[in-house]
Amino acid sequence: MQLTLQPYRPALMRFQSLIALFVLCLALSVMSDKFLTVANFWNVLRQISVNVCISTGMTLVVLTAGIDLSVGSVLALAGAITAGLLRNGIPVPSANLYVGFTLLGAIVAGLLTGSILGWFNGWAITRFNLPPFVATLAMLTIARGLTMLWTEGFPITGLGESFTYLGTGWLLGIPVPVWISAVIVAVAVLLTSKTRFGRYIYAIGGSESAARLSGVNITRTKMLVYTISGALAAVGGLLVTSRLDSAQPNAGISYELDSIAAVVIGGTSLSGGRGSILGTVQGAIIIGVLNNGLVLLNVSPFWQQVVKGIVILLAVIIDKSNAKSES
Amino acid sequence: MLTVEKITKRFAGVTALDGVCLGFGAGKVTAVIGENGAGKSTLMKILSGVYTDYEGQIFFRGRPVRFGSIREAQACGIAIIHQELALIPYLSITENIFLGRELTTRWGTLDRKAMRRRTRQLLDDLTMPLDPDTRVAGLKVGQQQVIEIAKALLEESEVIIMDEPTSAISDSEVAVLFRIISDLRNKGKAIVYISHKLDELFTIADHYVVLRDGKSIESGAMQGVDHDSLIRKMVGRDIQMNHRQSAGAAYPPLLRVENLCLTHPVRKEELQLDNLSFTVGRGEIVGLFGLMGAGRTELLETLFGLHPKRSSGTVQLDGQMVPLKAPIESIRAGLALVPEDRKRDGLVLGMDVQTNISLTALSSIEQGGLLSRSKESALAKKYIQHLRIKTPSAKQTAKNLSGGNQQKIVLSKWLATGPKLLMLDEPTRGIDVNAKNEIYKLIAQLATDGMGLLVVSSEMPELLAIADRILVMSEGILTAELSAADATEASILKAAILKSERAKE
Numbered sequence: 001m002q003l004t005l006q007p008y009r010p011a012l013m014r015f016q017s018l019i020a021l022f023v024l025c026l027a028l029s030v031m032s033d034k035f036l037t038v039a040n041f042w043n044v045l046r047q048i049s050v051n052v053c054i055s056t057g058m059t060l061v062v063l064t065a066g067i068d069l070s071v072g073s074v075l076a077l078a079g080a081i082t083a084g085l086l087r088n089g090i091p092v093p094s095a096n097l098y099v100g101f102t103l104l105g106a107i108v109a110g111l112l113t114g115s116i117l118g119w120f121n122g123w124a125i126t127r128f129n130l131p132p133f134v135a136t137l138a139m140l141t142i143a144r145g146l147t148m149l150w151t152e153g154f155p156i157t158g159l160g161e162s163f164t165y166l167g168t169g170w171l172l173g174i175p176v177p178v179w180i181s182a183v184i185v186a187v188a189v190l191l192t193s194k195t196r197f198g199r200y201i202y203a204i205g206g207s208e209s210a211a212r213l214s215g216v217n218i219t220r221t222k223m224l225v226y227t228i229s230g231a232l233a234a235v236g237g238l239l240v241t242s243r244l245d246s247a248q249p250n251a252g253i254s255y256e257l258d259s260i261a262a263v264v265i266g267g268t269s270l271s272g273g274r275g276s277i278l279g280t281v282q283g284a285i286i287i288g289v290l291n292n293g294l295v296l297l298n299v300s301p302f303w304q305q306v307v308k309g310i311v312i313l314l315a316v317i318i319d320k321s322n323a324k325s326e327s
Numbered sequence: 001m002l003t004v005e006k007i008t009k010r011f012a013g014v015t016a017l018d019g020v021c022l023g024f025g026a027g028k029v030t031a032v033i034g035e036n037g038a039g040k041s042t043l044m045k046i047l048s049g050v051y052t053d054y055e056g057q058i059f060f061r062g063r064p065v066r067f068g069s070i071r072e073a074q075a076c077g078i079a080i081i082h083q084e085l086a087l088i089p090y091l092s093i094t095e096n097i098f099l100g101r102e103l104t105t106r107w108g109t110l111d112r113k114a115m116r117r118r119t120r121q122l123l124d125d126l127t128m129p130l131d132p133d134t135r136v137a138g139l140k141v142g143q144q145q146v147i148e149i150a151k152a153l154l155e156e157s158e159v160i161i162m163d164e165p166t167s168a169i170s171d172s173e174v175a176v177l178f179r180i181i182s183d184l185r186n187k188g189k190a191i192v193y194i195s196h197k198l199d200e201l202f203t204i205a206d207h208y209v210v211l212r213d214g215k216s217i218e219s220g221a222m223q224g225v226d227h228d229s230l231i232r233k234m235v236g237r238d239i240q241m242n243h244r245q246s247a248g249a250a251y252p253p254l255l256r257v258e259n260l261c262l263t264h265p266v267r268k269e270e271l272q273l274d275n276l277s278f279t280v281g282r283g284e285i286v287g288l289f290g291l292m293g294a295g296r297t298e299l300l301e302t303l304f305g306l307h308p309k310r311s312s313g314t315v316q317l318d319g320q321m322v323p324l325k326a327p328i329e330s331i332r333a334g335l336a337l338v339p340e341d342r343k344r345d346g347l348v349l350g351m352d353v354q355t356n357i358s359l360t361a362l363s364s365i366e367q368g369g370l371l372s373r374s375k376e377s378a379l380a381k382k383y384i385q386h387l388r389i390k391t392p393s394a395k396q397t398a399k400n401l402s403g404g405n406q407q408k409i410v411l412s413k414w415l416a417t418g419p420k421l422l423m424l425d426e427p428t429r430g431i432d433v434n435a436k437n438e439i440y441k442l443i444a445q446l447a448t449d450g451m452g453l454l455v456v457s458s459e460m461p462e463l464l465a466i467a468d469r470i471l472v473m474s475e476g477i478l479t480a481e482l483s484a485a486d487a488t489e490a491s492i493l494k495a496a497i498l499k500s501e502r503a504k505e
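These protein sequence lines map, in sequence, to chains A and B.
Per full-length UniProt numbering, the very first residue in the first sequence carries number 1; after that it's consecutive.
Per full-length UniProt numbering, the very first residue in the second sequence carries number 1; after that it's consecutive.
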């Protein structure tokens with residue numbers, strides 16, 4: 001693992017965020033007797049798992065010096081597609097019948113939806129050389145609109161116990177969403193640190209022209225990165241839908257911001273080439289614990305937002321001074 | 001005009017300057033020479049107000065001064081032209097030149113007309129026939145350097161520091177620059193001139209100052225020293241420029257280029273490369289010379305597959321067709337390119353030495369689909385030793401190394417692909433004498449081992465020393481093919497300006 005962490009400097013260098021997390025937890029356990037309980041522990045992890053899924057994809061995108069603003073909308077559409085297929089199937093008016101979907105079929109369709117939208121992002125960015133910000137901003141609107149069209153603006157509910165198991169169930173004493181996000185993180189860590197694809201991501205973010213001259217297929221790498229981001233947003237969509245037993249047309253609004261916050265707090269540079277998946281996981285946990293603690297302490301939601309913003313600022317300032325002192 | 005007494009500057013643990021005493025006279029061109037790391041850049045940064053905490057005294061026109069910022073130094077009349085270009089790509093030439101000191105009309109709005117007029121005048125003085133409204137982003141490195149010089153000339157400074165001003169510009173531009181420097185000298189300005197190209201110092205400089213390991217070693221008049229004695233003073237020992245012993249014409253064919261064309265990206269009917277045909281043999285070093293805009297870099301880029309849509313012609317390497325479609329295809333065919341701009345195109349500066357070296361050869365360090373750490377560090381170690389890359393460790397970030405060592409990393413990453421033909425674009429630009437010699441030796445060794453080399457360089461003595469054969473380009477066509485034994489600087493230059501002359505007649 002040394003190979004993986006050292007060159008890119010993030011996780012090991014980021015003891016600060018671990019310490020910050022520890023101090024945060026310590027303070028919260030003193031201030032609230034509900035914080036340090038087993039039930040709350042799993043509750044926090046369960047809540048974080050959606051953001052961890054999305055942010056893992058976002059980290060890959062940001063490492064290439066890109067950004068994916070569409071994850072919140074993609075999450076909503078993927079969740080709605082799965083819920084709709086599961087509940088209603090596809091109507092075929094000419095034959096006056098409905099094509100039903102199995103649980104697995106509906107889930108695959110949801111994941112495919114996310115992947116296709118992500119692929120489209122990548123295509124628009126590489127084919128027309130669009131700034132990722134613009135391309136994914138467009139997708140943010142498109143996917144939200146498609147969600148509204150598909151759900152006709154109403155939640156799709158009553159999805160069945162086998163589906164809600166995904167978001168609410170337990171496996172070997174650990175919540176299922178935590179399993180899912182842990183597997184995703186493990187694969188992503190392996191991908192970024194131990195494979196050619198991962199190395200290409202860092203190289204493109206560090207210097208796209210140097211990467212191109214080194215024989216890196218920029219187009220293919222970026223397409224894959226955005227497709228993965230879309231697919232992982234879809235996973236997040238399944239988890240959210242499953243937990244609520246309902247696909248909300250306005251699910252996932254502003255999730256892209258929480259995700260970018262996790263990436264940035266985790267020490268990944270928005271200009272690309274520097275950062276790590278594990279850093280992002282820490283970032284997501286810090287945000288999650290903070291959210292949880294502020295709720296437990298009965299802080300008003302308005303103040304919660306202010307506090308979160310300040311934490312993001314502080315995290316980035318500390319990270320910057322770290323980077324400076326290193327060079 | 002400007003004297004420096006006992007300047008000492010320390011960085012964490014390292015003494016960059018150690019009691020340096022120097023003087024720069026009005027109406028004189030003073031050359032500051034020394035190897036990389038000798039302290040030249042640090043000294044210039046102190047003189048121009050970049051570094052503000054140092055020990056010692058600076059006297060400007062007899063009065064002690066201490067600059068707190070670049071602006072203060074500028075206001076005093078000290079301008080610096082940095083080696084690294086500091087232009088804003090999306091502004092026009094005029095806007096760049098006047099940035100921060102825009103002319104205004106009496107109503108406070110920008111006086112575009114006056115600024116454009118002055119810019120045109122500056123460009124005319126530099127015989128750079130460019131439209132003042134051209135965006136800098138569209139200019140070649142050499143042209144940008146000229147804009148940088150124009151920018152400093154606008155200030156009419158009393159002391160002008162030039163850091164490697166000729167490193168990227170062609171000989172004709174150098175001649176223009178030297179004429180301008182002479183003019184400035186005659187107007188009584190003090191010119192501080194930093195360059196690695198010793199030959200040009202004999203043309204332009206009046207005095208020299210040698211820095212070595214942060215100390216001022218010696219100074220004196222240029223008359224009375226020669227090339228070799230200057231080098232001795234710089235490095236503290238003798239260095240021989242190894243002239244290559246050409247074995248003759250018996251190189252088995254390796255690269256065969258036929259009718260290679262490249263159309264202009266905007267003006268489609270214009271050819272940037274016009275029916276080029278040539279060969280490079282196995283074990284042969286072919287030098288490629290041309291003035292600015294001759295198409296040298298474009299030729300290398302085209303061979304490397306960077307202009308797939310605009311190129312045509314057939315290229316064979318070792319009997320196999322090179323598709324000219326994408327770098328990866330050219331790499332697979334056995335080509336490698338050490339690019340001109342190593343900081344942008346050669347390296348991922350934020351990555352460490354090891355990851356940079358392995359980037360082109362990741363498949364060779366894979367084990368079961370995953371990258372093997374031990375294989376990667378073994379690969380890096382091999383090249384760090386082989387090319388004698390001076391780095392504290394393989395995990396050092398590339399941007400913290402000197403230019404020469406960075407170039408060795410770029411060479412390493414390409415040697416790691418096991419190329420049949422290595423193309424080098426200005427391989428020794430901005431590199432100190434020692435590293436240069438090491439790179440020359442490496443090039444010769446690679447040729448002896450059977451690799452073909454195609455070397456682009458603006459430095460004719462360099463090409464004459466290392467190449468077996470020299471190709472000369474002018475405005476997209478090959479104008480001469482000379483054996484190194486017969487070639488002289490005059491014959492090369494004549495061929496390099498051939499087409500333009502013909503066009504004028």
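Every residue, glycine too, gets a C-beta built ideally from N, C-alpha and C.
Which of helix, strand or coil DSSP assigns to LEU159 (chain A): Residue numbering aside, residue 159 (chain A) sits at position 159 when the first sequence is read from its first letter. Correct three-state label for LEU159 (chain A): coil.
Quick check on PRO91 (chain A): does DSSP put it in helix, strand or coil? Within the first sequence, residue 91 (chain A) is the residue found at index 91, counting from 1. In the structure shown, PRO91 (chain A) sits in a strand (DSSP, three-state: E or B).
So the beta strand (DSSP E) PHE289 (chain B) belongs to, where does it begin and stop? On the second sequence, residue 289 (chain B) is found 289 positions in, with the first residue counted as 1. Start and end: 285 to 290.
Identify every run of the alpha helix (DSSP H) within the segment 102 to 163 of chain B, keeping only runs that are complete inside it and at least 4 residues long; order them along the chain. Within the segment 102 to 163 of chain B, the complete alpha helix (DSSP H) runs of at least 4 residues are 112 to 125 and 141 to 155.
In whole angstroms, give me the CA-to-CA distance for THR168 (chain A) and LEU359 (chain B). As a first step, residue 168 (chain A) must be located in the first sequence, where it is residue number 168. As a first step, residue 359 (chain B) must be located in the second sequence, where it is residue number 359. Between THR168 (chain A) and LEU359 (chain B), the C-alpha separation is close to 44 angstroms.
Let me know the beta strand (DSSP E) ranges lying completely inside the segment 311 to 366 of chain B, each 3 residues or longer, listed in chain order. You should have 311 to 317 and 335 to 338.
List the DSSP bridge partners of VAL134 (chain A). Here residue 134 (chain A) corresponds to residue number 134 of the first sequence, with the count starting at 1. In the DSSP output, where bridge partners are listed per residue, VAL134 (chain A) has none listed.
If contact means a Cβ-Cβ distance below 7 angstroms, which residues of the segment 186 to 201 of chain A contact chain B? Within the segment 186 to 201 of chain A, LYS194, THR195, ARG196 and ARG199 place their CB atoms closer than 7 angstroms to a CB of chain B, listed in sequence order.
Whose Cβ in chain B lies nearer than 7 angstroms to the Cβ of LEU28 (chain A)? By 1-based counting over the first sequence, the position of residue 28 (chain A) is 28. None at all; the shortest Cβ gap to chain B is about 36 angstroms.
Flag this pair as yes or no: are the beta carbons of ALA247 (chain A) and ALA83 (chain A) separated by less than 8 angstroms? As a working mapping, residue 247 (chain A) is identified with position 247 in the first sequence. As a working mapping, residue 83 (chain A) is identified with position 83 in the first sequence. Yes. Within cutoff.
Please tell me whether LEU103 (chain A) and PHE163 (chain A) are closer than 8 angstroms, where the distance is taken between their beta carbons. In the first sequence, the residue the question calls residue 103 (chain A) occupies position 103. In the first sequence, the residue the question calls residue 163 (chain A) occupies position 163. Yes, these two residues count as a Cβ contact at 8 angstroms.
Along the segment 269 to 299 of chain A, where does the CB come closer than 7 angstroms to a CB of chain E? Name the residues. Absence of chain E from the displayed structure is noted, the protein chains being A and B.
Are the C-beta atoms of GLN240 (chain B) and some chain A residue less than 8 angstroms apart? Here the question's residue 240 (chain B) lines up with position 240 in the second sequence. Residue placement at GLN240 (chain B) cannot be trusted, given a pLDDT of 48 that sits under 50; what the coordinates show is reported in the next sentence. Not one chain A Cβ lies under 8 angstroms of GLN240 (chain B).
Whole-angstrom distance between MET321 (chain B) and PHE304 (chain B), CA atom to CA atom: Position 304 of the second sequence, counted from the start, is the residue given in the question as residue 304 (chain B). Position 321 of the second sequence, counted from the start, is the residue given in the question as residue 321 (chain B). So the two alpha carbons sit approximately 13 angstroms from each other.
Chain A partners of GLU366 (chain B), CB-CB under 9 angstroms? The residue you call residue 366 (chain B) lines up with position 366 of the second sequence. The contacting residues are THR195 and ARG196.
Closest Cα partner of PHE289 (chain B) within the set B:SER312, B:SER92 and B:ILE492: Here residue 289 (chain B) refers to the residue found at position 289 of the second sequence. Closest in C-alpha terms to PHE289 (chain B), from the list B:SER312, B:SER92 and B:ILE492, comes B:ILE492.
If you follow the alpha helix (DSSP H) that TYR383 (chain B) is in, where does it begin and where does it stop? For the purposes of this step, residue 383 (chain B) is taken as the residue at position 383 of the second sequence. It spans 373 to 386 - the alpha helix (DSSP H) in which TYR383 (chain B) sits, taken as one unbroken run.
Check THR147 (chain A) in the structure and name its three-state DSSP category. Along the first sequence, one-based indexing puts residue 147 (chain A) at 147. Per DSSP, reduced to three states, the secondary structure at THR147 (chain A) is helical.
Buried or exposed by the 16-neighbour rule on C-beta atoms within 10 Å, applied to ILE90 (chain A): Here residue 90 (chain A) refers to the residue found at position 90 of the first sequence. It counts as exposed.
According to DSSP, simplified to helix, strand and coil, what is LEU401 (chain B)? To locate residue 401 (chain B), count along the second sequence from 1; it is residue 401. Note: LEU401 (chain B) maps to coil in three-state DSSP.
Any chance the segment 142 to 161 of chain A sits against the segment 61 to 76 of chain A, with 3 or more Cβ pairs inside 8 angstroms? Three or more Cβ pairs drawn from the segment 142 to 161 of chain A and the segment 61 to 76 of chain A lie within less than 8 angstroms of each other, which places the two stretches in contact.
For a contact defined as C-beta to C-beta under 7 angstroms, what are the partners of ARG212 (chain A) on chain B? By one-based count along the first sequence, residue 212 (chain A) stands at place 212. Chain B residues near ARG212 (chain A): PRO327.
Candidates B:THR314, B:ARG373, B:GLN354 and B:GLU284: closest to SER483 (chain B) by CA position: As a position in the second sequence, residue 483 (chain B) is number 483, starting the count at 1. Answer by Cα proximity: B:GLU284.
Between the segment 284 to 298 of chain A and the segment 18 to 36 of chain A, are three or more C-beta pairs nearer than 8 angstroms? These segments touch.
Does DSSP put THR164 (chain A) in a helix, in a strand, or in coil? The residue you call residue 164 (chain A) lines up with position 164 of the first sequence. THR164 (chain A) carries a helical assignment under DSSP once its states are collapsed to helix, strand and coil.
Which of the three DSSP states, helix, strand or coil, is assigned to LEU103 (chain A)? Counting from 1 along the first sequence, the entry for residue 103 (chain A) is found at position 103. DSSP places LEU103 (chain A) in helix when its eight states are reduced to three.
From ASP238 (chain B) to THR428 (chain B), what distance separates their C-alpha atoms? Sequence index remark: in the second sequence, residue 238 (chain B) carries index 238 (1-based). Sequence index remark: in the second sequence, residue 428 (chain B) carries index 428 (1-based). Confidence at ASP238 (chain B) is low in this model, with a pLDDT of 47, below 50, so the placement of that residue is unreliable and no value is reported for it.
For a cutoff of 8 angstroms on Cβ pairs, would you count SER207 (chain A) as touching chain B? Residue mapping note: residue 207 (chain A) aligns to position 207 of the first sequence, counting from 1. Closer than 8 angstroms: yes.
Whole angstroms are fine: how far does the CA of GLN74 (chain B) sit from the CA of GLY403 (chain B)? By one-based count along the second sequence, residue 403 (chain B) stands at place 403. By one-based count along the second sequence, residue 74 (chain B) stands at place 74. Rounded to whole angstroms, GLY403 (chain B) to GLN74 (chain B) spans 28 angstroms at the Cα level.
Look at ARG274 (chain A) and GLY295 (chain B) and say whether their C-beta atoms are less than 8 angstroms apart. Counted from its first residue, the first sequence places residue 274 (chain A) at position 274. Counted from its first residue, the second sequence places residue 295 (chain B) at position 295. With respect to the 8 angstroms criterion, ARG274 (chain A) and GLY295 (chain B) are not classified as neighbours on the basis of their beta carbons.
Name the chain A residues that come within less than 8 angstroms of VAL348 (chain B), Cβ to Cβ? The residue given as residue 348 (chain B) occupies position 348 in the second sequence. Going along chain A in sequence order, the residues near VAL348 (chain B) (Cβ under 8 angstroms) are TYR202, ALA203, GLY206, SER207, ALA210, ALA211 and GLY273.
Residues of chain B with a CB under 7 angstroms from the CB of residue 342 (chain A): which are they? There is simply no residue 342 (chain A) to check, as chain A begins at 1 and stops at 327 in what is shown.
Classify ARG199 (chain A) as buried or exposed, calling it buried when 16 or more other Cβ atoms lie within 10 Å of its own Cβ. As a working mapping, residue 199 (chain A) is identified with position 199 in the first sequence. So ARG199 (chain A) counts as buried.
Can you tell me whether ALA378 (chain B) is buried or exposed? The criterion is at least 16 other CB atoms within 10 Å of its CB, across all chains shown. Here residue 378 (chain B) refers to the residue found at position 378 of the second sequence. Exposed is the call here.
Along the chain, which unbroken stretches of the beta strand (DSSP E) at least 3 residues long are found entirely within the segment 400 to 487 of chain B? Listed in chain order, the beta strand (DSSP E) elements of length 3 or more contained wholly in the segment 400 to 487 of chain B are 421 to 425, 452 to 456, 469 to 474 and 477 to 483.
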